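Quick notes on the structure that follows.
Protein chains: 2
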Amino acid sequence: MPEDLHHLIAARLRDDGQRYTSGRRRLVEALDRSGRPLTAAEVLEDGELAQSSAYRNLSVLEGCGVVHRVSGADEFGRFELAEDLTEHHHHHLICTSCGSVADVTVAEDLERSLEAAMVEVASTTGFRPDHHRLDLLGRCASCL
Amino acid sequence: MPEDLHHLIAARLRDDGQRYTSGRRRLVEALDRSGRPLTAAEVLEDGELAQSSAYRNLSVLEGCGVVHRVSGADEFGRFELAEDLTEHHHHHLICTSCGSVADVTVAEDLERSLEAAMVEVASTTGFRPDHHRLDLLGRCASCL
DNA sequence: ATTTATGCAAATCGTTTGCAAACCT
DNA sequence: AGGTTTGCAAACGATTTGCATAAAT
Numbered sequence: 001m002p003e004d005l006h007h008l009i010a011a012r013l014r015d016d017g018q019r020y021t022s023g024r025r026r027l028v029e030a031l032d033r034s035g036r037p038l039t040a041a042e043v044l045e046d047g048e049l050a051q052s053s054a055y056r057n058l059s060v061l062e063g064c065g066v067v068h069r070v071s072g073a074d075e076f077g078r079f080e081l082a083e084d085l086t087e088h089h090h091h092h093l094i095c096t097s098c099g100s101v102a103d104v105t106v107a108e109d110l111e112r113s114l115e116a117a118m119v120e121v122a123s124t125t126g127f128r129p130d131h132h133r134l135d136l137l138g139r140c141a142s143c144l
Numbered sequence: 001m002p003e004d005l006h007h008l009i010a011a012r013l014r015d016d017g018q019r020y021t022s023g024r025r026r027l028v029e030a031l032d033r034s035g036r037p038l039t040a041a042e043v044l045e046d047g048e049l050a051q052s053s054a055y056r057n058l059s060v061l062e063g064c065g066v067v068h069r070v071s072g073a074d075e076f077g078r079f080e081l082a083e084d085l086t087e088h089h090h091h092h093l094i095c096t097s098c099g100s101v102a103d104v105t106v107a108e109d110l111e112r113s114l115e116a117a118m119v120e121v122a123s124t125t126g127f128r129p130d131h132h133r134l135d136l137l138g139r140c141a142s143c144l
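Chains E and W supply the protein sequences, listed in that same order. Heads up: the first sequence runs through residues 1 to 144, numbered per the working numbering. Heads up: the second sequence runs through residues 1 to 144, numbered per the working numbering.
Encoded structure:
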């Protein structure tokens with residue numbers, strides 16, 4: 001995992017009056033390693049820290065924009081590194097059978113259409129959109 | 001609420017070996033009335049039945065494709081009538097401040113692009129998409 | 001009459017929180 | 001030392017479930 005990413009994250013935490021402890025680093029590394037959103041249980045297992053600390057740290061990291069909370073089709077919350085850290089805008093393939101969540105990117109022009117739709121909605125309704133969330137739901141390869 | 005919709009729902013329940021009881025009818029009517037996804041608590045209040053029955057019936061209705069479960073930005077599950085019953089394909093405006101969820105429709109050509117993206121993903125990855133979910137997250141008019 | 005739905009209260013389970021000990025600066 | 005983070009165990013809250021009664025067919 002790139003060292004400058006660690007510095008970026010450390011800075012983001014510092015701006016929020018938070019420390020970049022070893023436990024938090026382990027969490028970030030687990031999320032970076034996986035390439036897909038992880039459930040709290042998965043993070044717990046991989047990050048080697050107590051469950052209360054895992055949840056608390058995920059909360060802190062979310063609060064300062066390092067981690068993003070993702071909701072799939074099941075009851076489990078999932079976590080991933082913020083897109084502006086990974087420089088990798090993506091969407092999710094959600095399996096309605098096993099609940100797994102995988103990353104996917106879509107065509108450039110679809111992204112542009114999505115942006116345009118957000119602008120349109122902003123002008124049409126009183127709602128001010130900040131970002132979008134596109135999920136494709138279906139069956140993953142192992143559940144077909 | 002149109003009578004033929006009730007018949008359609010009754011048929012869908014019957015196919016699943018389920019009955020269209022008065023409690024279930026009240027639930028369906030509450031969802032139809034609102035025009036946006038309702039939380040279990042809202043359904044409970046409006047539908048006038050015990051919470052266990054509300055949850056159980058929402059589950060049954062979901063199981064036979066009458067009701068659809070929606071996940072917003074908060075911890076509460078939300079429910080709406082299935083799109084193929086309302087004949088109204090739509091997406092959601094999710095307020096990240098108060099958690100409210102409103103319906104919205106987007107331009108025809110965006111929908112076509114979304115369909116195309118699903119086909120593309122299906123051919124590129126081992127994933128077989130069934131439907132898509134597009135949410136615009138931001139601030140609603142009352143939270144601006 | 002038999003099967004299914006209801007309501008109450010208790011259980012479940014992911015997540016959150018209180019608190020004392022360990023940690024960082 | 002002063003404030004923060006950690007881990008354990010207990011609390012929390014939305015949702016689910018067991019069971020006896022009421023309703024539907």
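From the three backbone atoms N, C-alpha and C, an ideal C-beta is built for every residue, glycine too. It should be emphasised that the depicted structure is a prediction, and the values quoted were computed from it without experimental measurement.
Can you check which of these residues, the options, is closest to residue i by C-alpha distance?
i        : options                              : result
E/ASP135 : E/THR124, E/GLU120, E/GLY99          : E/GLY99
W/SER107 : W/THR96, W/ILE94, W/HIS90            : Strictly speaking, residue 107 of chain W in this sequence is Ala, with Ser absent from that position. The option with the nearest alpha carbon to W/ALA107 is W/HIS90.
W/ALA41  : W/GLY63, W/GLU75, W/LEU61            : W/GLU75
E/GLY23  : E/MET1, E/ARG56, E/ARG12, E/ASP16    : E/ARG56
W/THR39  : W/HIS131, W/VAL119, W/LEU93, W/GLU80 : W/GLU80
W/GLU83  : W/ASP32, W/THR125, W/PRO129          : W/ASP32
W/CYS140 : E/CYS140, E/ARG139, E/VAL121         : E/VAL121
W/ARG26  : W/MET1, W/ALA11, W/PRO37, W/ASP16    : W/MET1
E/LEU93  : W/HIS132, W/TYR20, W/THR21, W/GLY138 : W/HIS132
W/VAL60  : W/ALA117, W/ARG14, W/HIS7, W/GLY126  : W/ARG14
E/GLY126 : W/PHE127, W/VAL104, W/ASP4           : W/VAL104
W/ARG36  : W/LEU8, W/THR86, W/ARG19, W/GLU62    : W/THR86
E/GLY65  : E/SER34, E/ILE9, E/SER52             : E/ILE9
E/SER142 : E/SER52, E/ASP4, E/SER97             : E/SER97
W/ARG19  : W/GLY63, W/LEU44, W/GLU45, W/SER52   : W/GLY63
Within 10 angstroms of its Cβ, does residue i collect 16 or more other Cβ (buried), or is it exposed?
i        : result
E/LEU144 : exposed
W/ALA30  : buried
W/HIS88  : exposed
E/ALA11  : exposed
W/GLY47  : buried
W/ALA54  : buried
W/VAL119 : exposed
E/GLY17  : exposed
E/ALA102 : buried
E/ALA50  : exposed
W/GLY138 : buried
Taking only beta-carbon positions, decide if residue i is within less than 9 Å of chain E.
i        : result
W/GLY126 : yes
W/THR21  : no
W/CYS95  : yes
W/HIS131 : yes
W/ASP32  : no
W/SER113 : yes
W/ASP84  : no
Counting only beta-carbon separations shorter than 9 Å, does residue i have a partner in chain W?
i        : result
E/VAL106 : yes
E/ASP46  : no
E/GLU120 : yes
E/ASP109 : yes
E/ASP15  : no
So, helix, strand or coil for residue i, using DSSP?
i        : result
W/SER71  : strand
E/GLU48  : coil
W/ALA107 : coil
E/ASP16  : coil
W/GLY63  : helix
E/LEU27  : helix
W/LEU38  : strand
W/HIS7   : helix
E/ALA116 : helix
W/LEU81  : strand
Say the cut is 8 Å; is the CB of residue i nearer than that to a heavy atom of the ligand ATP?
i       : result
E/TYR20 : Summarising the ligand content, the structure contains no ligands, and the ligand ATP is consequently not present.
Given 8 Å, three or more beta-carbon pairs between the stretch 111 to 125 of chain W and the stretch 65 to 84 of chain W: no
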